[in-house]
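Residue numbers (my numbering): 21 to 145. Each residue gets a CB set at the ideal place from its N, CA and C atoms; glycine is no exception. Heads up, the thing below is written out as C-alpha cells.
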Ligand code: 5GP
Ligand code: ZN
C-alpha cells in the first residue's frame with residue numbers, strides 16, 4: 021500500500037487510542053503533531069510511562085510495512101525527545117511494543133511504551 025493510500029485509512033470509531041488521538045477521550049497529552057500523539061499511561065508501571073501512537077490506526081507492529089519507515093522514525097525521535105525532557109535519558113530507559121495476546125498487547129492500536137525512572141530487568145516477564 022502506498023503512503024497516500026495508507027493515509028486515507030479512516031480512524032476506527034471503536035478504537036480507544038484513535039479516540040484519544042481525536043480528543044474524544046481525555047488523556048494527559050505530552051506531545052502531539054500531525055502524525056504522532058504521546059500521552060501518559062493511565063496505569064503507569066514506572067515513574068515515567070508514556071504511550072506514543074501514530075494518529076493513523078495501525079493494529080500492531082505486525083502490520084507495519086516498509087513505507088511506514090518515516091513514521092517509525094518519527095515515533096522513535098519523539099520518544100527520544102520525551103526521554104530527554106522527562107529527565108530519564110541519561111540513566112537509560114526502555115521502549116517496548118507488545119504484539120498480540122502472548123506479547124501482552126491489550127489495545128489493538130500500535131503504541132510504543134516509553135518507560136523510565138527506575139531500572140528494568142531483562143528479559144521482561
Ligand atoms: P498494551 O497492554 O497494549 O501493551 O498497552 C496498553 C496500555 O494502555 C496499558 O499500559 C494501559 O495501562 C494503557 N491504557 C489502557 N486504557 C487507557 C486509557 O484509557 N488511557 C490511557 N492513558 N492509557 C490507557
Ligand atoms: Zn486506532
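{"Query": "Within 8 Å, strictly: CB atoms of residue 117 and residue 81", "Result": "yes"}
{"Query": "Beta bridge counterpart(s) of residue 60 as assigned by DSSP", "Result": "70"}
{"Query": "Range covered by the beta strand (DSSP E) that runs through residue 134", "Result": "132-136"}
{"Query": "Pick from 134, 95, 119 and 122 that is closest to residue 109, judged by C-alpha positions", "Result": "134"}
{"Query": "Beta-carbon proximity of residue 51 to residue 61, cut-off 8 Å", "Result": "no"}
{"Query": "The ligand ZN heavy atom lying under 7 Å from the CB of residue 37", "Result": "yes"}
{"Query": "8 Å Cβ cutoff met for residue 57 and residue 95", "Result": "no"}
{"Query": "Burial state of residue 139, where buried means 16 or more other Cβ atoms lie within 10 Å", "Result": "exposed"}
{"Query": "Rounded Cβ spacing between residue 17 and residue 137 (contact assumed at less than 8 Å)", "Result": "This structure cannot speak to residue 17, because the chain is shown only from 21 to 145."}
{"Query": "Supposed close pair residue 40, residue 31 - CB separation, criterion 8 Å", "Result": "Not really, about 11 Å apart at Cβ, beyond 8 Å."}
{"Query": "Within 8 Å, strictly: CB atoms of residue 59 and residue 129", "Result": "no"}
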